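Asker:
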Amino acid sequence: YFYSMLPEKLMLKLKQRKLEGNLRALKATGDLIDFSSNDYLGLAKTLQVEPSKTHGATGSRLITGHTNLHTTVEKQIAAFHDVPAALLFNSGYDANLGLIPAMTDRNDLILYDELVHASIRDGIQLSQAKSLKFKHNDLDHLQMLLEKHDLNGTGDIYIITESVFSMDGDVPDLKRLVALVQKREHVHIILDEAHALGVIGTNGVGLAQELGLQDAILARVVTFGKALGSHGAAVLGSEDLKAYLLNFARSFIYTTALPEHSLHCIAAGYDVLQAGQAPVALLQNRIKLYVETASKLGIPTGNEFVSERFRESELPNNIYLTAIQTVLIPGNENAKRAAQKMQEGGYDIRAILSPTVPAGKERLRICLHAYNDHDDIVNMLNLLAKTFKAS
1208 YFYSMLPEKL MLKLKQRKLE GNLRALKATG DLIDFSSNDY LGLAKTLQVE
1258 PSKTHGATGS RLITGHTNLH TTVEKQIAAF HDVPAALLFN SGYDANLGLI
1308 PAMTDRNDLI LYDELVHASI RDGIQLSQAK SLKFKHNDLD HLQMLLEKHD
1358 LNGTGDIYII TESVFSMDGD VPDLKRLVAL VQKREHVHII LDEAHALGVI
1408 GTNGVGLAQE LGLQDAILAR VVTFGKALGS HGAAVLGSED LKAYLLNFAR
1458 SFIYTTALPE HSLHCIAAGY DVLQAGQAPV ALLQNRIKLY VETASKLGIP
1508 TGNEFVSERF RESELPNNIY LTAIQTVLIP GNENAKRAAQ KMQEGGYDIR
1558 AILSPTVPAG KERLRICLHA YNDHDDIVNM LNLLAKTFKA S
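So the mapping is simple: the working numbering equals the position in the sequence shown, first residue as 1, plus 1207.
1. Check whether the Cβ atoms of V1442 and L1452 sit closer than 8 Å, and answer yes or no.
2. How about A1336 and D1315: do their beta carbons lie closer than 8 Å?
3. Grab me the residues of T1271's own chain with a C-beta within less than 7 Å of its C-beta, minus the 5 sequence neighbours each way, in chain order.
4. Taking the continuous alpha helix (DSSP H) assigned at F1455, which residues delimit it?
5. Classify N1585: buried if its beta carbon has 16 or more other beta carbons within 10 angstroms, exposed otherwise.
6. What three-state label does DSSP hand A1292 in the structure shown?
7. Under 8 Å Cβ to Cβ from H1288, same chain only, skipping five residues before and after it: list those, please.
8. Could you tell me the distance, in whole angstroms, from the CA atom of S1373 to the CA atom of E1569?
9. Can you check which of these residues, I1364, D1375, E1400, is closest to V1394 by C-alpha distance?
10. Apart from the five residues on each side of it in sequence, which residues of its chain come closer than 7 Å, Cβ to Cβ, to D1469?
11. Using the beta-carbon count (16 or more within 10 Å), is Q1389 buried or exposed?
12. Looking only at its own chain, which residues have a Cβ that is under 6 Å from the Cβ of S1458, when we skip the five neighbours before and after it?
13. How about the stretch 1395-1407 and the stretch 1346-1357: do they share at least three Cβ pairs that are nearer than 8 Å?
14. Taking all protein chains shown into account, decide if Y1497 is buried (16 or more other Cβ within 10 angstroms of its Cβ) or exposed.
15. L1571 and V1534 - do their beta-carbons sit closer together than 8 Å?
16. Run through DSSP, which three-state label would T1563 get?
17. Rounded to the nearest angstrom, what separates M1549 and F1431 at their Cα positions?
18. Could you tell me the distance, in whole angstroms, from the CA atom of K1503 to the CA atom of Q1532?
19. Distance, Cα to Cα, A1292 vs A1423?
20. Just checking my contact of G1249 with Y1461 at CB under 8 Å: how many whole Å lie between their CB atoms?
21. Helix, strand or coil for K1220? Go by DSSP, reduced to three states.
22. Taking S1244 as the reference, which of S1338, Q1223, A1558 has the closest Cα?
23. Using the Cα positions of I1317 and S1338, report the straight-line distance between them to the nearest angstrom.
24. S1326 and T1311: beta carbons closer than 8 Å?
25. In angstroms, rounded to a whole number, what distance separates the CA positions of T1529 and E1321?
26. Assign L1384 to buried or exposed, taking buried as 16 or more other Cβ atoms, counted over all protein chains shown, within 10 Å of its Cβ.
27. What's the gap between the Cα of C1472 and the Cα of E1227?
28. So, helix, strand or coil for Y1365, using DSSP?
29. Taking the alpha carbon of V1564 as the reference point, which residue from V1323, L1254, N1492, L1219 has its own alpha carbon closest?
30. With a CB to CB cut of under 8 Å and the five nearest residues on each side skipped, what residues in its chain are close to S1514?
31. How many angstroms separate the CA atom of A1566 from the CA atom of K1449?
32. Taking 8 Å as the limit between beta carbons, can you name the residues of its chain near G1483, skipping five residues before and five after?
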């Protein structure tokens, strides 16, 4: 067979990445103890769902793909998250690619945290709105931009951020952010809660809901490929928002619907959350164990939530402790060597390299789970302390 070669400029990009030591490649997990996946509650391994009647959805939801089960699951999601409506998307990526361009036009301005997920950035690029980034979790900078770029009623301003950042595990001061917006009629918040669902708050409701701020947020995005152990996503908000996205979100309109099996998995995940605190409380205890043990061993977490601003929080459930922990080890080669040592010790811990994170902020990313037992966490941290000090 003859296969056309990649254009030379694309080959050069691949070679450059290899020279810089950050060429991505697929790697199976093997039998290592999991400190890497986003399966925070272990539901990907334990969910029991009823068999599906069909293997595929057969079409988009606006043609043949919609079923009564879609409606039932969306109502379950909306009720759990205390909002009027939820709209299912095939993934968090699809949700952000559909939501952001649909909501904005050339008269609008998007202000986004500089560390938002790639799906949000791509959604912004697909929109016609002007966009500016603000420094990570820096609400003073955001306030300055809001005051500088008053649109005088010609358009709306959308602030986009996350409740838990995927590479740092830190959180924004959401109370202050909402206070900034409530003074401005034409400013709206879009909040991605992908890494907060199932992790933060009572029954894992997420940051906004645990703080009682859900009514102040125009749209929340929750995803199901992490703590819920399945696949898909939903946009949460008003009935009007749902109706609007049904008509204008291209990544919803022009794609095949989620099949029944995925819907059963999502519903089963929410059944676990609704049933009580068991897996969420266990995960939160494991996170607390990690933070306390790491502190005793001199391992810096590198996360914003350990700042004095949140240490004296009056809120329950260690609300600002998240399942994503990071240890900064600058330099791609240094971070890769440290990850290799941890893997040789039996722990599935991955290095996050530039350009995924900024050069000089390469790191080990450690994900905690309800199924990581006490000894595994303590033993892992003892090895990590030696690895960190030797790096």
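Quick reminder that beta carbons are idealized off the backbone N, C-alpha and C, glycines included.
Please read these numbers as outputs of a predicted model, since none were measured by experiment.
Answerer: A quick look at the data gives this:
1. Numbered from its first residue, the sequence shown carries residue 1442 at position 235. Numbered from its first residue, the sequence shown carries residue 1452 at position 245. Yes.
2. Reading the sequence shown from its first residue, position 129 is the one you call residue 1336. Reading the sequence shown from its first residue, position 108 is the one you call residue 1315. At a Cβ-Cβ threshold of 8 Å, A1336 and D1315 count as neighbours.
3. As a position in the sequence shown, residue 1271 is number 64, starting the count at 1. Close CB contacts of T1271 within its chain, under the 7 Å cut and outside five residues either way in sequence, are with T1265 (chain order).
4. Walking along the sequence shown from the start, residue 1455 turns up at place 248. Per DSSP, F1455 belongs to the alpha helix (DSSP H) from 1446-1455.
5. To locate residue 1585, count along the sequence shown from 1; it is residue 378. Note on identity: in this sequence residue 1585 is Val, with Asn being the wrong assignment. Label assigned to V1585: exposed.
6. Position 85 of the sequence shown, counting from 1, holds the residue named residue 1292. In this structure, DSSP gives A1292 an extended state, which the three-state scheme calls strand.
7. In the sequence shown, counting from the first residue as 1, residue 1288 sits at position 81. For H1288, where only same-chain residues beyond five positions count, the Cβ hits under 8 Å are V1412, G1413, Q1416, Q1421, R1427, V1429, L1443.
8. Position 166 of the sequence shown, counted from the first residue, corresponds to residue 1373. Position 362 of the sequence shown, counted from the first residue, corresponds to residue 1569. A direct Cα-Cα distance of roughly 14 Å separates S1373 from E1569.
9. Position 187 of the sequence shown, counted from the start, is the residue given in the question as residue 1394. Restricting attention to I1364, D1375, E1400, the CA atom closest to the CA of V1394 is found in I1364.
10. Within the sequence shown, residue 1469 is the residue found at index 262, counting from 1. Strictly speaking, residue 1469 in this sequence is Ser, with Asp absent from that position. Excluding sequence neighbours, S1469 sits near S1437, H1438, G1439.
11. The sequence position of residue 1389 within the sequence shown is 182, counting from 1. So Q1389 ends up on the exposed side.
12. Counting from one through the sequence shown, the residue named residue 1458 turns up at place 251. Same-chain partners within the cutoff: D1301, L1304, G1305.
13. No: fewer than three Cβ pairs fall under 8 Å.
14. Counting from one through the sequence shown, the residue named residue 1497 turns up at place 290. Its Cβ being crowded by 16 or more others within 10 Å, Y1497 is buried.
15. For the purposes of this step, residue 1534 is identified with residue 327 of the sequence shown, where counting begins at 1. For the purposes of this step, residue 1571 is identified with residue 364 of the sequence shown, where counting begins at 1. A Cβ-Cβ contact shorter than 8 Å links V1534 with L1571.
16. The sequence position of residue 1563 within the sequence shown is 356, counting from 1. Coil at T1563, not helix or strand.
17. The sequence position of residue 1549 within the sequence shown is 342, counting from 1. The sequence position of residue 1431 within the sequence shown is 224, counting from 1. So the two alpha carbons sit approximately 28 Å from each other.
18. Numbered from its first residue, the sequence shown carries residue 1503 at position 296. Numbered from its first residue, the sequence shown carries residue 1532 at position 325. Going by the C-alpha atoms only, they are around 16 Å apart.
19. Reading the sequence shown from its first residue, position 85 is the one you call residue 1292. Reading the sequence shown from its first residue, position 216 is the one you call residue 1423. The C-alpha of A1423 is placed about 15 Å away from the C-alpha of A1292.
20. Stepping through the sequence shown from its first residue, residue 1249 is reached at position 42. Stepping through the sequence shown from its first residue, residue 1461 is reached at position 254. Actually they are not in contact, since the Cβ atoms of G1249 and Y1461 sit about 35 Å apart, beyond 8 Å.
21. Position 13 of the sequence shown, counted from the start, is the residue given in the question as residue 1220. Three-state result, K1220: helix.
22. In the sequence shown, the residue the question calls residue 1244 occupies position 37. Of the candidates S1338, Q1223, A1558, the one whose C-alpha sits nearest the C-alpha of S1244 is A1558.
23. As a working mapping, residue 1317 is identified with position 110 in the sequence shown. As a working mapping, residue 1338 is identified with position 131 in the sequence shown. Distance between the alpha carbons of I1317 and S1338: 4 Å.
24. Taking the first residue of the sequence shown as position 1, residue 1326 is located at position 119. Taking the first residue of the sequence shown as position 1, residue 1311 is located at position 104. No. Outside cutoff.
25. Here the question's residue 1529 lines up with position 322 in the sequence shown. Here the question's residue 1321 lines up with position 114 in the sequence shown. If you draw a straight line from the Cα of T1529 to the Cα of E1321, it is about 20 Å long.
26. Taking the first residue of the sequence shown as position 1, residue 1384 is located at position 177. If you draw a 10 Å sphere on the C-beta of L1384, you find 16 or more other C-beta atoms in it, and that means buried.
27. The sequence position of residue 1472 within the sequence shown is 265, counting from 1. The sequence position of residue 1227 within the sequence shown is 20, counting from 1. Cα to Cα, the separation comes out at about 41 Å.
28. For this step, residue 1365 is matched to residue 158 along the sequence shown. The answer is strand: DSSP assigns Y1365 an E or B state.
29. What you label residue 1564 is simply residue 357 of the sequence shown in a count that begins at 1. Taking only the C-alpha atoms, the option nearest V1564 is V1323.
30. Here residue 1514 is taken as the residue at index 307 of the sequence shown, counted from 1. The predicted model places S1514 with a pLDDT of 44, which falls under 50 and marks its position as unreliable, so this point remains unresolved.
31. Residue 1566 sits at position 359 when you count from the first residue of the sequence shown. Residue 1449 sits at position 242 when you count from the first residue of the sequence shown. So the two alpha carbons sit approximately 40 Å from each other.
32. What you label residue 1483 is simply residue 276 of the sequence shown in a count that begins at 1. Closer than 8 Å at Cβ, skipping near neighbours: N1410.
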